[in-house]
Each structure stands twice: as structure tokens, then as C-alpha cells.
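Inspection log for the structure reproduced underneath, given as C-alpha cells.
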Ligand code: UDP
């Protein structure tokens with residue numbers, strides 16, 4: 011499958027059309043941004059790792075009955091995916107206190123939550139992706155009740171399956187962000203699942219193995235991404 015017209019260039023990926031109107035090619039870049047683009051940089055071979063890790067996790071989720079846009083890896087930086095119409099809601103799932111939740115609630119990072127928290131953010135760079143709730147989503151016609159409820163149920167299922175999968179590899183799934191898209195009326199899991207979009211801590215040392223190393227300038231960013239790739243994609 012050949013790359014066609016460039017449809018969209020985001021912060022971490024470029025989306026290309028193909029000769030099949032139902033399929034796109036996702037090209038994973040090394041560019042890294044944080045704080046809604048305010049911090050810019052690049053992480054060597056991040057695109058290769060994020061493509062590989064996302065592909066592995068989407069395959070694993072499919073085996074557990076959770077469908078996504080993923081079709082196949084075409085090359086080290088390219089993924090063939092179903093062409094979805096992305097829902098303008100980012101779904102964040104949290105198992106431990108970290109990041110913006112720690113700030114908002116005035117709590118320290120690392121505490122296990124007694125219950126999983128699901129949050130919604132409105133995908134709008136100009137507004138800085140504000141947090142919204144289900145009522146905002148419905149009243150402002152951002153998605154239908156069926157779409158957001160399906161996305162939420164899928165996100166909780168992903169959390170169960172992914173937490174267990176990662177724990178077997180000595181990784182704690184602290185929190186993560188998912189995106190969904192409409193594919194001929196079906197709400198499909200889309201985008202990517204990788205160290206850019208998840209907080210991943212070593213189970214024993216609690217060392218951060220994710221994009222927080224870049225956001226907070228903790229060093230060893232490439233090493234952390236490689237370590238996640240090794241644990242997720244390597245044999246146990
Ligand atoms: N996240 C993401 N993209 C965003 C915002 C958040 O992938 O635009 C992920 C982030 O990596 C973390 C989770 O969503 O795993 C929760 O992020 P949080 O709200 O704590 O925001 P942050 O601290 O990243 O600003």
C-alpha cells in the first residue's frame with residue numbers, strides 16, 4: 011500500500027490517504043511536544059518505538075476482543091489503519107494519582123486510587139484541551155450519548171486488559187489517554203497507545219518510563235522508550 015495525499019500533520023504523526031478510501035497510513039515522527047506545544051524537541055527513534063509498541067498493544071487488545079483502527083504495520087514508522095472520523099474527546103483513565111490530577115487536587119503523585127477515574131478533555135488546541143464532562147459533550151454536540159458511553163466502556167476494558175498485560179512486564183499503568191473515531195457508525199479505538207500517551211512506571215523502582223522524562227527533563231528519555239519497547243514487544 012502506497013502513501014497518497016497528506017491529509018493532516020499533527021504533533022507526533024502525519025496521516026496520509028491511500029488508494030483505498032477506507033484506509034489511511036499513519037507516519038510516526040520523532041518530534042516531541044509537551045504543554046500543548048509550548049515545549050518542543052525530538053526523541054531519537056521515538057516514531058519507530060511508538061509505532062511498534064502501539065501495533066503490539068492494538069494486536070494484543072484485538073486478541074482480547076477490543077477492536078481498533080489498527081490493520082498492520084507497513085514499515086518501522088508506518089501503520090495502516092482504518093480511516094476513522096476522530097471524536098473530539100480525549101478519554102483519560104487514571105489508576106494512580108499523577109500529572110494534572112495531582113495538581114488539581116493538591117495531592118502528591120503515586121497514590122493508588124481506590125477506584126478508577128475516567129476524564130474527558132475537549133480536543134481543541136486553541137482552548138488548551140479543557141476538561142469537560144458528559145453533559146458538556148451532549149449539550150455542545152461534541153459526541154452522542156451512545157458514542158461517549160461506548161468510548162467510556164471500551165476505555166475501562168482497555169484499562170483492565172492493558173494493566174494486567176503491563177504488570178506481567180513489571181510496568182505499572184498509572185494513567186493513559188485514548189482517542190476514538192467513528193468508522194461507518196462504529197466507535198473504534200484509534201490513535202496510538204505508547205509512552206507518549208501513557209504514564210508507565212517500573213513496578214519495583216517506580217522509575218518513570220514515559221514522556222514525563224521529556225516533559226520534566228529527567229534525562230534518559232530514549233533509554234526509557236527503548237525499555238518499554240523491549241518489555242512490551244519482547245518475549246516474557
Ligand atoms: N495525555 C496525552 N495527551 C495529552 C494530555 C495527556 O497523551 O494531550 C496523557 C498523559 O501522557 C497521561 C494522561 O494522559 O498519561 C493524563 O495526563 P494529565 O491529565 O495528567 O496531563 P499532563 O500531566 O500530561 O499535562
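Residue numbers (the numbering used here): 11 to 246.
Where is the CB? At the ideal position from N, CA and C, for every residue including glycine.
Sorry if obvious, but does the Cβ on residue i come closer than 6 angstroms to a heavy atom of ligand 1?
| i | result |
| --- | --- |
| residue 186 | yes |
| residue 229 | no |
| residue 117 | no |
| residue 51 | no |
| residue 207 | yes |
| residue 63 | no |
| residue 173 | no |
| residue 110 | yes |
| residue 102 | yes |
Please classify residue i as buried or exposed, where buried requires at least 16 other C-beta atoms within 10 Å of its C-beta.
| i | result |
| --- | --- |
| residue 117 | exposed |
| residue 72 | exposed |
| residue 226 | exposed |
| residue 19 | exposed |
| residue 46 | exposed |
| residue 141 | exposed |
| residue 136 | exposed |
| residue 74 | exposed |
Once the 5 residues before and after residue i are set aside, which same chain residues still bring their CB inside 8 angstroms of it?
| i | result |
| --- | --- |
| residue 210 | 176, 181, 182, 183, 184, 218, 219, 220 and 238 |
| residue 206 | 22, 42, 56, 60, 220 and 221 |
| residue 166 | 103, 126 and 128 |
| residue 62 | 83, 86, 239 and 243 |
| residue 153 | 97, 98, 99, 147 and 161 |
In this structure, does DSSP put residue i in helix, strand or coil?
| i | result |
| --- | --- |
| residue 208 | strand |
| residue 11 | coil |
| residue 167 | helix |
| residue 150 | coil |
| residue 95 | strand |
| residue 237 | helix |
| residue 104 | strand |
| residue 48 | coil |
| residue 119 | coil |
| residue 59 | helix |
| residue 53 | coil |
| residue 17 | strand |
| residue 125 | strand |
| residue 82 | strand |
| residue 28 | coil |
| residue 158 | helix |
Among the residues of its own chain, which have a CB less than 6 angstroms from the CB of residue i, if the five just before and after it don't count?
| i | result |
| --- | --- |
| residue 64 | 202, 203 and 204 |
| residue 92 | 79 and 193 |
Taking 7 angstroms as the limit between beta carbons, can you name the residues of its chain near residue i, skipping five residues before and five after?
| i | result |
| --- | --- |
| residue 158 | 99, 144 and 147 |
| residue 94 | 79, 191, 192, 193, 198 and 200 |
| residue 252 | Any property of residue 252 remains undetermined from this structure, which presents the chain solely from 11 to 246. |
| residue 230 | 223 |
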